[in-house]
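S.K.:
2 protein chains.
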Amino acid sequence: MTTEQMIQKYKDWIFRQSAYQMALSLINFDKLTIAPKGGNEYRDEREAYLAGEYFAIATKKDMIPVLKALKDDENVDADTRRACELYYKNMMKDACIPKDEFIAWHALQNESYNHWLEAKQKNDYSIFEPYLKRIIEGSKKIYGFRESDIPIYDQMLDDYEPGMDREKYDRFFDALKERILPLIKQVTEAKQIEDGFLYEKFDIDGQKAFMEHLLKYLEYTPDWGYQNETEHPFTDWVCENDCRTTTKYLENNVVSAIFSTIHECGHAWYEHNIDPKYDGMILSNGVSSGMHESESRLCENYLGRTKAFWEANYPILQEQFKEQLGNVSIDEFIRAVNVAKPSLIRTEADELTYPVHILIRYEMEKGIFDGTISTEHLDEAWNAKYKEYLGVDVKDAKDGILQDVHWADGSFGYFPTYALGSAFAAQFVDQMRQEINVDEMLRTSRYGEIQKWLREKFQHYGCFYDAPDIMKLVTGKEFDPQYYIEYLENKYRGLYLSDKK
Amino acid sequence: MTTEQMIQKYKDWIFRQSAYQMALSLINFDKLTIAPKGGNEYRDEREAYLAGEYFAIATKKDMIPVLKALKDDENVDADTRRACELYYKNMMKDACIPKDEFIAWHALQNESYNHWLEAKQKNDYSIFEPYLKRIIEGSKKIYGFRESDIPIYDQMLDDYEPGMDREKYDRFFDALKERILPLIKQVTEAKQIEDGFLYEKFDIDGQKAFMEHLLKYLEYTPDWGYQNETEHPFTDWVCENDCRTTTKYLENNVVSAIFSTIHECGHAWYEHNIDPKYDGMILSNGVSSGMHESESRLCENYLGRTKAFWEANYPILQEQFKEQLGNVSIDEFIRAVNVAKPSLIRTEADELTYPVHILIRYEMEKGIFDGTISTEHLDEAWNAKYKEYLGVDVKDAKDGILQDVHWADGSFGYFPTYALGSAFAAQFVDQMRQEINVDEMLRTSRYGEIQKWLREKFQHYGCFYDAPDIMKLVTGKEFDPQYYIEYLENKYRGLYLSDKK
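Going line by line, the protein sequences match chains F and R.
Its first residue numbered 9, the first sequence is counted upward by one per residue in the working numbering.
Its first residue numbered 9, the second sequence is counted upward by one per residue in the working numbering.
(1) Compare the C-beta of I22/F against all C-beta atoms of chain R and say whether one is closer than 7 Å.
(2) In angstroms, rounded to a whole number, what distance separates the CA positions of A27/F and I324/F?
(3) Can you look up T254/R in the DSSP assignment and give me helix, strand or coil?
(4) What residue from C104/R, L410/R, Q235/R and G152/R has the CA that sits closest to I135/R's CA?
(5) Pull up the DSSP beta-bridge partners for E237/F, would you.
(6) Spell out whether any CB of chain R is found under 7 Å from the CB atom of W232/F.
(7) Measuring straight from C-alpha to C-alpha, what distance separates H123/R and I111/R?
(8) Helix, strand or coil for N261/F, going by three-state DSSP, please let me know.
(9) Pull up the DSSP beta-bridge partners for T243/R, would you.
(10) Please classify T11/R: does DSSP put it in a helix, a strand, or coil?
(11) Pairs of beta-carbons, one from the segment 288-297 of chain R and one from the segment 76-94 of chain R, closer than 8 Å: are there three or more?
(12) Consult DSSP for D211/F and reduce its assignment to one of helix, strand or coil.
(13) Cα separation between L206/F and V345/F?
(14) Can you list, in chain order, the stretches of the alpha helix (DSSP H) that have 4 or more residues and sit fully within the segment 394-447 of chain R?
(15) Any idea what DSSP makes of A348/R, helix, strand or coil?
(16) Determine the closest residue to H468/R out of D81/R, W277/R, F267/R and A64/R, with distance taken between C-alpha atoms.
(17) Could you spell out the range, first to last residue, of the alpha helix (DSSP H) harbouring L496/R?
(18) Whole angstroms are fine: how far does the CA of E384/R sit from the CA of E137/R?
(19) At a CB distance below 7 Å, what residues from the segment 34-54 of chain F approach chain R? Give them in sequence order.
(20) Mind pulling the chain F residues with CB within less than 7 Å of M30/R?
(21) What residues in the segment 121-138 of chain F bring their beta carbon closer than 9 Å to a beta carbon of chain R?
(22) State the DSSP-derived secondary structure class of P476/F, mapped to helix, strand or coil.
(23) Residues of chain R with a CB under 7 Å from the CB of D108/F: which are they?
(24) At least one CB of chain R closer than 7 Å to the CB of N309/F: is that the case?
(25) Quick one, are the C-beta atoms of A348/F and D339/F less than 7 Å apart?
(26) Taking the alpha-carbon positions, what's the W318/R to M479/R distance?
(27) If I368/R sits next to K393/R, beta carbons under 8 Å apart, how far is it from one beta carbon to the other, in whole angstroms?
(28) Let me know the secondary structure DSSP gives K508/R once reduced to three states.
(29) Output yes or no for whether 7 Å exceeds the beta carbon distance between I42/R and E55/R.
(30) Does the segment 213-222 of chain R come close enough to the segment 12-24 of chain R to have 3 or more Cβ pairs within less than 8 Å?
(31) Mapping DSSP to helix, strand and coil, what is C471/F?
(32) Taking the CB atoms as reference points, tell me whether C251/R and E279/R lie closer together than 7 Å.
(33) Under 7 Å, do F466/R and L481/R count as touching if we go by C-beta distance?
(34) Look at I160/F and F377/F and say whether their C-beta atoms are less than 7 Å apart.
(35) Can you name the start and end residues of the alpha helix (DSSP H) that F317/F belongs to?
(36) Just checking, does the segment 241-248 of chain F make contact with the segment 268-275 of chain F on the three C-beta pairs under 8 Å criterion?
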């Protein structure tokens with residue numbers, strides 16, 4: 009085959025993959041948002057079949073020599089070489105899995121998800137436990153096909169965040185534990201900030217009216233973005249101009265939907281900012297889970313919880329909810345949305361205690377895969393860790409072991425990237441604030457200009473570079489968790505402990 | 009191959025088809041409801057590829073002998089024989105089309121739809137005209153592959169309503185013209201019924217609150233049904249327990265969303281009522297387009313516009329809109345929702361003038377395919393017919409030639425089934441009212457019992473029988489348009505001309 013023929017074969021191959029990816033993505037979005045539950049089984053069976061067709065294309069053995077040749081051919085353009093390198097890497101991981109095994113695994117993921125949802129709705133871990141057990145065994149089996157010498161959990165960590173393993177995460181979490189756990193203790197013992205006014209009754213229609221404004225402020229327009237509602241907010245995407253987010257409205261919490269929206273729109277913006285020439289190929293994805301989370305948390309916390317952000321938005325929120333917020337000053341509001349308080353639910357957690365929620369999950373996952381925690385007692389182990397690290401009592405499984413979807417479909421190794429993402433964000437923001445006047449942009453409703461910086465600085469590359477290279481490209485330095493730790497210390501000392509300085 | 013082997017091969021084949029059908033159905037529903045427009049081109053290209061994959065499976069030549077053998081094998085169960093008969097029939101129609109031509113045609117349908125939508129939004133027929141021309145030429149080409157001696161438009165009519173052709177439709181429409189056109193004239197000249205109160209301002213949130221009640225009354229529950237909003241209400245379905253409808257709220261019309269909902273839920277109920285053992289196979293569909301429309305119009309008009317229906321529902325609507333409807337009696341309301349008045353928009357038309365909207369489209373389609381009307385002047389021809397038959401002036405293309413989606417994707421021959429469906433419904437209802445106390449069920453909120461009658465009487469068969477057989481099975485008679493004509497005459501003479509009796 010000539011290089012031209014190989015490139016044509018490669019292009020046909022990625023187009024076919026992208027068609028199935030699109031279908032699977034839309035089927036997934038549909039299932040999680042609107043699909044009538046009664047059709048779950050019927051749809052899941054067929055979805056698993058289509059996932060199998062996708063898998064068969066993605067692991068087609070006759071592509072191996074093509075990818076190998078193209079990735080190393082200096083006459084081939086850099087984008088194609090990089091894409092082939094990544095496709096080849098995935099091929100090496102997946103082509104060893106028999107198609108039947110893949111479909112069975114995929115069907116189990118669907119089934120387990122449905123039972124997790126039921127268990128959560130019924131607040132009953134015993135409904136989910138047998139499926140979790142099967143999902144753990146299933147994921148061991150699937151990873152087993154790779155015949156790698158690397159322990160399974162380390163492989164999982166590397167899959168979500170290339171280059172990471174337990175040793176590196178242990179160091180990262182140790183640094184957090186050393187500095188953040190004592191800080192949480194001090195904050196918990198300090199004089200508390202008044203935030204009760206955030207938790208009065210705020211009618212959902214009023215929240216939706218504000219959301220219309222907020223989405224405009226975030227420049228998340230119907231041309232490329234769509235927002236729906238789900239119990240568990242998430243982001244999905246098809247291409248540059250098709251990103252989908254969800255949020256969740258709570259009548260007794262005026263900021264929950266707001267921050268989840270800023271967060272998910274941060275994910276959506278990242279995908280939207282990737283160069284459209286990459287649409288439909290592997291490069292059109294965020295670099296890694298941690299990098300993706302860095303962008304959503306950058307938007308949610310490092311932009312969305314600042315005074316400058318609310319100078320542009322608080323008057324409108326206040327106008328919408330005169331009765332509840334009419335007498336609350338912007339400074340009181342800002343302090344309230346930055347309250348740190350140990351709590352049960354990860355997605356609702358404040359910035360300071362958030363990484364501890366992740367630490368707990370990371371330690372649980374390590375225990376699951378080194379065999380020291382069994383599924384039978386996973387809920388008890390969970391509850392004990394929440395007591396130990398955050399001092400809170402888990403009363404309901406739905407607020408404990410069942411709160412997150414990740415284990416339901418076997419996404420082990422994903423959670424740690426959430427804490428890493430927050431830490432990446434701190435380092436990015438430090439650089440961004442040196443280069444552009446972020447606060448001025450937020451204050452004057454020029455959110456798109458901040459996104460422009462992110463796009464031009466690195467997001468447009470998609471995964472042309474690896475995460476560590478991106479960090480160096482943007483900040484000129486290796487990743488350093490101290491940015492994150494110092495950010496948290498400065499912020500929360502300022503908010504809670506300034507008298508003691 | 010043994011019979012068992014053939015049955016296994018057949019089962020695998022229909023499962024694969026059903027997986028692609030599900031994906032295509034969900035991609036379509038997504039596009040028409042929520043998908044960001046910016047992603048249209050990307051999605052359409054991939055959707056066309058997947059449609060091609062589906063087509064390749066559905067027309068796989070090695071299935072021809074299998075289907076042929078199974079459909080004629082008396083030892084095979086009746087369901088499989090009937091399904092194979094229908095699959096075989098479709099195979100004979102489609103297997104002659106080269107896959108590339110099918111994909112190109114499908115891509116053209118997508119492209120044409122997008123331009124029709126743009127043309128309608130911009131109220132400019134010239135945007136759509138070149139695509140309509142290509143769609144007409146494209147459909148001629150696609151039908152040309154069949155090498156049939158039957159004129160193309162007759163084949164189209166038969167595709168949507170097996171057994172129908174121009175000769176039969178001409179007879180049907182002639183009967184309508186003879187009796188209904190004079191009646192419309194008389195009604196138009198008679199004293200008009202007051203209905204202005206339906207077109208005051210009704211806030212959308214209030215309409216949605218009533219809709220929640222209405223969906224419960226219609227027993228359209230989230231377990232199997234889902235409702236969204238679109239510019240053009242429609243129904244889509246995946247399986248027994250996954251049906252999707254859409255509606256459209258108008259602030260200056262309190263009944264538009266209500267009747268479109270009852271209508272679309274009529275389609276959804278039909279699909280839901282089909283025996284679930286047929287899920288995923290060809291039998292799990294309504295018998296024909298006319299039969300499907302008979303069920304939606306039966307619900308919308310023969311149930312939804314009766315006094316009994318509103319005895320259960322009007323007090324709730326009145327309570328929701330006290331200001332506008334507080335002083336309107338139920339009798340005044342019923343008369344208002346049954347007003348007949350020549351108008352421009354088919355989907356908003358009353359029962360009496362509705363078939364004339366269809367007649368116009370039928371005559372236009374005949375003209376398109378016998379070459380007497382060109383796309384360049386189609387809008388003028390349209391406007392002239394609306395003036396001739398209904399006496400109304402079309403001022404905007406969006407309210408004229410661009411109002412319906414059907415021609416945008418080449419669904420020629422579909423429209424006539426709408427009038428036929430209304431006529432089928434009249435004959436079904438005549439029988440139903442002899443067997444069960446419909447009004448009592450409507451009045452006492454037992455809508456599900458009416459659906460039960462429909463299910464048990466014939467809907468559960470899916471397309472196990474042909475439409476003419478279904479008609480005989482339910483009513484003991486051949487289809488007879490006189491039921492429809494007499495229904496319309498009695499109803500509208502009673503409403504408008506009772507003084508003259």
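Cβ coordinates follow ideal geometry from the N, Cα and C atoms, glycine included.
M.R.: The relevant details are as follows:
(1) no
(2) 42 Å
(3) strand
(4) L410/R
(5) T255/F
(6) yes
(7) 18 Å
(8) strand
(9) T253/R
(10) helix
(11) yes
(12) coil
(13) 8 Å
(14) 424-443
(15) coil
(16) W277/R
(17) Q490 to Y504
(18) 7 Å
(19) L34, I35, D38, I42, A43, P44, K45, G46, G47, Y50, R51 and R54
(20) R51 and R54
(21) none
(22) helix
(23) Those within 7 Å of D108/F in chain R number zero; the least Cβ separation is about 14 Å.
(24) no
(25) no
(26) 29 Å
(27) 5 Å
(28) Note that K508/R scores a pLDDT of 48, beneath 50, so its modelled location is shaky; the value from the coordinates is reported in the next line. Note: K508/R maps to helix in three-state DSSP.
(29) no
(30) no
(31) coil
(32) yes
(33) yes
(34) yes
(35) K315 to Q328
(36) yes
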